[in-house]
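Chains as they are written, first to last, in my numbering: chain A, 1 to 84; chain B, 1001 to 1656. Glycine included, every Cβ here is placed at the ideal spot set by N, Cα and C. These numbers were taken from a predicted model, which means no experiment stands behind them. The structure under discussion appears below in the form of structure tokens.
Printed below as a string of structure tokens:
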């Protein structure tokens, strides 16, 4: 499995836990409008969960750019040091 | 950095377990599952999921389904100068592990002053039992000109503290909430000199330190409770991750969400302590817990304890910690698979034993299963299983006790005994909302109770035995000298408690000051020990010449000694002096006070036929003053002075 696919899979698992919804599937263009409950509070939970699970840290400026699943995956993949 | 909830055990697959619990259709079982999952080590995402699950399930339960859970409902308002809503799930979930369902109201961001000073409808409608005030150095303006003189800084700090005390008063007066103050962590403001910051009064670091010291002092004087985040964070090495500048800039969260589980627990345990739900008894295993080795195999001389080895010193240090807990009123018990003679002999003959046989209230050494022995210990001490903490180095024993007796707290001990004291401290099982001289004698008193029970078992004549105890009871008015202990007893007594009504100290002061009310406190001593203040009766006028007993409670240490009959004698005399001709007593059943279901009947009260539909099972009882009083063997020292109520009215009549 390639790196982006692994990130996508782990990210899907995080989304399902954070929103307690097993039916969530993510597409690169999925945004807050597509997922019920994805508000600013949930966004922080997502960011913190992603940072903790992947062992990475987003820069403050980068956080402001996150608006879709695709931007999440790209940013995680650029920081995540574990080879998939 | 230590793991946050390090005293809780790890679940093999928490995420899957949460998913399974979500799929559970029956809300009763769903809530039970969520409550059980709350007791495992969990990160903030799992904590939020367990919270959603338990809150949703709880809301589906009706009163009859909620009651058997045995959870006390408390309402907590979170007020402060930074974002706090992300802490709520951690507080609620921790509450489930500490006997509480906590309802939470989060004030608007940085609006605590308006809410408290100008008044806030949402907060008033919420009717908080507790108000937590969480502040930070930015909101309090603790950035002074760097060359400002020390005296001026102190004046500024004192002004801040006076301000905060005013907020505490508002919490009490306007909202009847017990204030809880969180200390400040200066994590968001790094030092500007470094080591030298502490030597310059004008630095924020120094100012926060001074403010915290003054806040603690003010809280002590004002009977405000503390969530001492500053100490906890320093002690457990949470700074700097606790305060993450990214979260501050992003969401004005002072506390990083990853710390919500442990900070939530820190808050929940204070609420639990103030609600009388802290643990009371530490039950200790012996081999490889209090000393290294197996005394049955190695012999007293062969165990590793005390000077001579680092490991032996670590065991002695753990014993010292247990002894310190005992000195502040935690009851100690022993539960060990051992030959009883050998086990006891170790206590009396090993020169390096820090704990002495007399420190142990109940000593159980046999080959029976530990769950059964723990039940026996709880019974002997007359405390609930949910008052016990069981410490055992053996993971298998821990697991068995957890599954058989989920009410007992079983800390997941670290591999190394050197860390046992810290693990127990981190768990906060014995948190308190009050400390009085009575706590100091309690441990001794339970030990004496153990001896007394042994005497009862050997005595065929109970009456003769009780006479031989030479009990003396003093009945006194509730007032400034005893109100702290009375408040503590009122809020922590669960079993011998007829109505289980809780009062804060301020509410009690108000009760005592209200004309016509009667507030009695009782002290008991016998030839074996001084039990201290052990019982409280509160009553208010109900109709022209009847007193209704609002609260009647007694420490379980003195159960089975007919002490309540002596208390009734004092109550009758006080009520009669106040002009009453009858008493009414209510019994409000809870999952824990079944032992007093027949209390009033036993004392000679008669049941008042009730209107139909008392769903909570409350019964009311009548006693005519002048009717015969039950026998007892307590010498009563009556020191209660009646407030001049009747006399006052008669004087008015004469002048009219």
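CA-to-CA distance, residue j to residue i, given in whole angstroms
| i | j | result |
| --- | --- | --- |
| residue 1214 of chain B | residue 1159 of chain B | 11 Å |
| residue 1517 of chain B | residue 1541 of chain B | 7 Å |
| residue 17 of chain A | residue 53 of chain A | 12 Å |
| residue 1558 of chain B | residue 1182 of chain B | 37 Å |
| residue 1095 of chain B | residue 1272 of chain B | 7 Å |
| residue 1009 of chain B | residue 1330 of chain B | 23 Å |
| residue 1301 of chain B | residue 1320 of chain B | 20 Å |
| residue 1336 of chain B | residue 1195 of chain B | 50 Å |
| residue 1662 of chain B | residue 1232 of chain B | The requested residue 1662 of chain B does not occur in the structure, where chain B is confined to residues 1001 to 1656. |
| residue 1071 of chain B | residue 1432 of chain B | 18 Å |
| residue 1061 of chain B | residue 1034 of chain B | 14 Å |
| residue 1582 of chain B | residue 1623 of chain B | 6 Å |
| residue 1252 of chain B | residue 1124 of chain B | 26 Å |
| residue 1617 of chain B | residue 1562 of chain B | 26 Å |
| residue 1387 of chain B | residue 23 of chain A | 43 Å |
| residue 1022 of chain B | residue 1032 of chain B | 12 Å |
| residue 1001 of chain B | residue 1414 of chain B | Confidence is the limiting factor: at residue 1001 of chain B the pLDDT is only 41, short of 50, which leaves the residue's position unreliable, though a coordinate-based value still follows. Computed Cα separation, rounded: 15 Å. |
| residue 1427 of chain B | residue 1005 of chain B | 8 Å |
| residue 1147 of chain B | residue 1207 of chain B | 13 Å |
| residue 1482 of chain B | residue 1266 of chain B | 28 Å |
| residue 1354 of chain B | residue 1015 of chain B | 44 Å |
| residue 1511 of chain B | residue 1529 of chain B | 31 Å |
Within 8 Å, strictly: CB atoms of residue i and residue j
| i | j | result |
| --- | --- | --- |
| residue 1263 of chain B | residue 1007 of chain B | no |
| residue 30 of chain A | residue 78 of chain A | no |
| residue 1030 of chain B | residue 1053 of chain B | yes |
| residue 1533 of chain B | residue 1521 of chain B | yes |
| residue 1621 of chain B | residue 1595 of chain B | no |
| residue 1136 of chain B | residue 1184 of chain B | yes |
| residue 1566 of chain B | residue 1603 of chain B | no |
| residue 1188 of chain B | residue 1225 of chain B | no |
| residue 1376 of chain B | residue 1364 of chain B | yes |
| residue 1587 of chain B | residue 1546 of chain B | no |
| residue 1102 of chain B | residue 1361 of chain B | no |
| residue 1436 of chain B | residue 1403 of chain B | no |
Close beta carbons around residue i, own chain, < 8 Å, minus the five adjacent residues each side
| i | result |
| --- | --- |
| residue 1036 of chain B | 1406 |
| residue 47 of chain A | 58, 63 and 66 |
| residue 1261 of chain B | 1004, 1005, 1042, 1043, 1044, 1047, 1090, 1093 and 1094 |
Neighbour-count burial assignment, residue i, 16 or more Cβ in a 10 Å radius
| i | result |
| --- | --- |
| residue 1332 of chain B | buried |
| residue 949 of chain B | Residue 949 of chain B cannot be examined here, being either before or after the span of chain B that is shown, 1001 to 1656. |
| residue 1348 of chain B | exposed |
| residue 1324 of chain B | exposed |
| residue 1554 of chain B | buried |
| residue 1153 of chain B | buried |
| residue 1081 of chain B | buried |
| residue 1488 of chain B | buried |
| residue 1162 of chain B | exposed |
| residue 1134 of chain B | buried |
| residue 51 of chain A | buried |
| residue 1637 of chain B | exposed |
| residue 1086 of chain B | buried |
| residue 1309 of chain B | exposed |
| residue 1120 of chain B | buried |
| residue 1064 of chain B | exposed |
| residue 21 of chain A | exposed |
| residue 72 of chain A | buried |
Cut-off 7 Å between Cβ atoms - residues of its own chain near residue i, not counting five sequence neighbours on either side
| i | result |
| --- | --- |
| residue 1017 of chain B | 1011 and 1037 |
| residue 1401 of chain B | 1370, 1371, 1374, 1390, 1408 and 1410 |
| residue 1574 of chain B | 1518, 1520, 1640 and 1642 |
| residue 1421 of chain B | 1317, 1318 and 1321 |
6 Å Cβ shell around residue i - same chain, five flanking residues per side excluded
| i | result |
| --- | --- |
| residue 1382 of chain B | 1556 and 1559 |
| residue 1429 of chain B | 1279, 1389 and 1409 |
Continuous alpha helix (DSSP H) stretch holding residue i: start and end
| i | result |
| --- | --- |
| residue 1619 of chain B | Premise fails: residue 1619 of chain B lies in the beta strand (DSSP E), 1619-1624, not in any alpha helix (DSSP H). |
| residue 1576 of chain B | 1563-1577 |
| residue 1212 of chain B | 1204-1222 |
| residue 1340 of chain B | 1340-1349 |
| residue 1537 of chain B | Not the alpha helix (DSSP H): residue 1537 of chain B falls in the beta strand (DSSP E), residues 1530-1541. |
| residue 1163 of chain B | 1150-1175 |
Terminal residues of the beta strand (DSSP E) in which residue i lies
| i | result |
| --- | --- |
| residue 1181 of chain B | 1178-1182 |
| residue 1638 of chain B | 1634-1638 |
| residue 1546 of chain B | 1546-1554 |
| residue 1069 of chain B | Looking at the DSSP string, residue 1069 of chain B is not in any beta strand (DSSP E), and its letter there is neither H nor E. |
Interface flag, residue i vs chain E, CB-CB below 8 Å
| i | result |
| --- | --- |
| residue 1012 of chain B | Of the protein chains in this structure, namely A and B, none is chain E. |
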